[in-house]
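Heads up: the structure comes next, in structure tokens.
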Amino acid sequence: MLIVCDFDGTITTHDCLNLIVQDFAAEAWAEIEPRLRAGEIDLLQAIEEEFLHVRLTEEQVVRHVLKGTEVRAGFHEFVTWTEDVGHELVIVSAGFRVLIDAVLATAGLSRLRVFSGDACFTPQGTTIQYPPSAQECASRCGMCKADAVREVVAASVAPSPLVHVGDGLSDLCVARTADIVFARAGLARLLQREHIQFYPFEDFFEVRRVLEALTPI
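Read left to right, the sequence shown gives residues 65 to 281 (the working numbering).
As structure tokens, this is what we get:
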């Protein structure tokens with residue numbers, strides 16, 4: 065089994081990017097988010113525009129994120145379970161590697177494999193860094209998760225069934241093609257609109273229980 069898991073708002077209790085922008089670029093957030101919801105701009109453009117207004121050091125940003133979020137209940141146990149039974153767990157995120165690494169290190173989970181974008185934080189401004197596929201992706205959600213998943217599947221020894229766990233717009237393209245989907249928050253609403261079956265969740269104890277029932281070892 066290959067389990068592809070989003071990070072912000074899925075593994076974590078709060079979205080790291082939202083924590084930063086809402087607290088340090090509130091005016092930009094208030095102006096840009098309605099445009100994103102209305103479909104006037106895409107997610108990649110929204111992230112790039114919002115973080116133009118974030119002028120902090122990496123240390124300041126990491127400290128703020130670690131104060132504002134933590135890993136979701138049951139995730140430690142979920143990781144241990146995947147390792148014990150031999151399932152492959154990969155994090156694929158439209159967020160920033162510097163923040164993901166900080167949260168995972170604090171949780172003692174630095175060993176997990178991560179595909180994501182990144183950012184360079186300075187007092188003069190923030191530079192966003194995504195793979196070239198981000199510009200080519202039709203969904204333009206930042207990190208092209210579908211492209212990352214194709215890479216993971218190609219290298220996986222057990223790519224089926226493909227399980228996706230997520231919470232937002234950037235997860236939609238993967239959720240459309242996964243065999244089993246767990247969704248919460250915005251992703252759940254999007255999947256309901258498209259009549260795509262999913263399992264709702266609020267912690268990783270629930271995710272594990274469902275997977276154990278669906279795929280008994």
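Using N, Cα and C, we set each Cβ at its ideal position, and we do this for glycine too.
The structure displayed is predicted, hence computed values, not measured ones.
Could you tell me which residues DSSP puts in a beta bridge with Gly230?
Here residue 230 refers to the residue found at position 166 of the sequence shown. Beta-bridge pairing links Gly230 to Ala247.
Taking 8 Å as the cut-off, decide whether the C-beta atoms of Phe115 and Ala183 are in contact.
What you label residue 115 is simply residue 51 of the sequence shown in a count that begins at 1. What you label residue 183 is simply residue 119 of the sequence shown in a count that begins at 1. Contact: yes.
Out of Ala242, Val271, Leu233 and Thr170, point me to the one whose CA is closest to Arg101's CA.
Looking up residue 101 in the sequence shown gives position 37. Nearest to Arg101 by alpha-carbon distance, out of Ala242, Val271, Leu233 and Thr170, is Leu233.
Sorted by chain position, which residues of the same chain lie with C-beta nearer than 8 Å to Gly181's C-beta, five sequence neighbours on each side aside?
Here residue 181 is taken as the residue at index 117 of the sequence shown, counted from 1. Only Ser157, Ala158, Gly159, Phe160, Arg161, Ile192, Gln193, Tyr194, Pro195, Ala198, Gly206 and Met207 meet the Cβ criterion.
Assigned secondary structure, Phe139 (DSSP; H/G/I helix, E/B strand, else coil)
Position 75 of the sequence shown, counting from 1, holds the residue named residue 139. Phe139 falls in the helix class under three-state DSSP.
Exposed unless 16 or more other CB atoms sit within 10 angstroms - verdict on Lys131
In the sequence shown, counting from the first residue as 1, residue 131 sits at position 67. By the Cβ neighbour-count rule, Lys131 is exposed, with fewer than 16 other Cβ atoms within 10 Å of its own.
Check for me: the alpha helix (DSSP H) holding Val217 runs from which residue to which?
Position 153 of the sequence shown, counted from the first residue, corresponds to residue 217. For Val217, the enclosing alpha helix (DSSP H) stretches over residues Lys209 to Ala219.
Following the continuous alpha helix (DSSP H) through Ile84, name the residue where it begins and the one where it ends.
As a first step, residue 84 is located in the sequence shown; it is residue number 20 there, counting from the start. Counting along the chain, the alpha helix (DSSP H) containing Ile84 begins and ends at Cys80 to Phe88.
Would you call the stretch 135-142 in contact with the stretch 236-249, where contact means no fewer than 3 C-beta pairs closer than 8 Å?
The answer is no - the stretch 236-249 does not touch the stretch 135-142, with fewer than three Cβ pairs under 8 Å.
Around the Cβ of Asp79, are there at least 16 other Cβ atoms within 10 angstroms (buried) or fewer (exposed)?
The residue you call residue 79 lines up with position 15 of the sequence shown. With 16 or more neighbouring CB atoms inside 10 Å of its own CB, Asp79 falls in the buried class.
Do Glu266 and Arg253 have their beta-carbon atoms positioned less than 8 Å apart in this structure?
On the sequence shown, position 189 is the one that residue 253 refers to. On the sequence shown, position 202 is the one that residue 266 refers to. No, Cβ-Cβ distance for Arg253 and Glu266 is not below 8 Å.
At least 3 beta-carbon pairs within less than 8 Å: the stretch 271-278 vs the stretch 140-149:
Taking 8 Å as the limit for Cβ pairs, the verdict is that the stretch 140-149 does touch the stretch 271-278.
Give the C-beta separation of Glu152 and Ile67 to the nearest angstrom, bearing in mind that I take them to be a contact with Cβ-Cβ under 8 Å.
Walking along the sequence shown from the start, residue 152 turns up at place 88. Walking along the sequence shown from the start, residue 67 turns up at place 3. About 7 Å separates the Cβ atoms of Glu152 and Ile67, confirming a contact at the 8 Å cut-off.
Confirm, please, whether the CB-CB distance from Phe179 to Val154 is below 8 Å.
Working through the sequence shown from its first residue, we reach residue 154 at position 90. Working through the sequence shown from its first residue, we reach residue 179 at position 115. A contact, by the Cβ cut-off of 8 Å.
Can you give me the start and stop residues for the beta strand (DSSP E) that Ile192 sits inside?
For this step, residue 192 is matched to residue 128 along the sequence shown. Its beta strand (DSSP E) spans residues Gly189 to Gln193.
Assign His228 to buried or exposed, taking buried as 16 or more other Cβ atoms, counted over all protein chains shown, within 10 Å of its Cβ.
Here residue 228 refers to the residue found at position 164 when the sequence shown is read from its first residue. With a 10 Å radius around the Cβ and a threshold of 16 neighbouring Cβ atoms, His228 comes out buried.
Assign Gly132 to one of three DSSP states: helix, strand, or coil.
Looking up residue 132 in the sequence shown gives position 68. Helix, per DSSP.
Counted within 10 angstroms of its Cβ, other Cβ atoms place Ala219 as buried (16 or more) or exposed:
Residue mapping note: residue 219 aligns to position 155 of the sequence shown, counting from 1. Taking a 10 Å sphere around the C-beta of Ala219, we find fewer than 16 other C-beta atoms and assign the residue as exposed.
Rounded to whole angstroms, what is the Cα-Cα separation between Asp70 and Val126?
Residue 70 sits at position 6 when you count from the first residue of the sequence shown. Residue 126 sits at position 62 when you count from the first residue of the sequence shown. Between Asp70 and Val126, the C-alpha separation is close to 19 Å.
N- and C-terminal bounds of the alpha helix (DSSP H) containing Leu236
Here the question's residue 236 lines up with position 172 in the sequence shown. Start and end: Leu236 to Ala239.
Is the separation between the beta-carbon of Ala92 and that of Val85 shorter than 8 Å?
Walking along the sequence shown from the start, residue 92 turns up at place 28. Walking along the sequence shown from the start, residue 85 turns up at place 21. Judged by beta-carbon spacing, Val85 lies within the 8 Å limit of Ala92, meaning their Cβ atoms are closer than that value.
Could you give the first and the last residue of the continuous beta strand (DSSP E) run that contains Glu152?
Translated into positions along the sequence shown, residue 152 becomes position 88. Note, Glu152: beta strand (DSSP E), Glu152 to Phe160.
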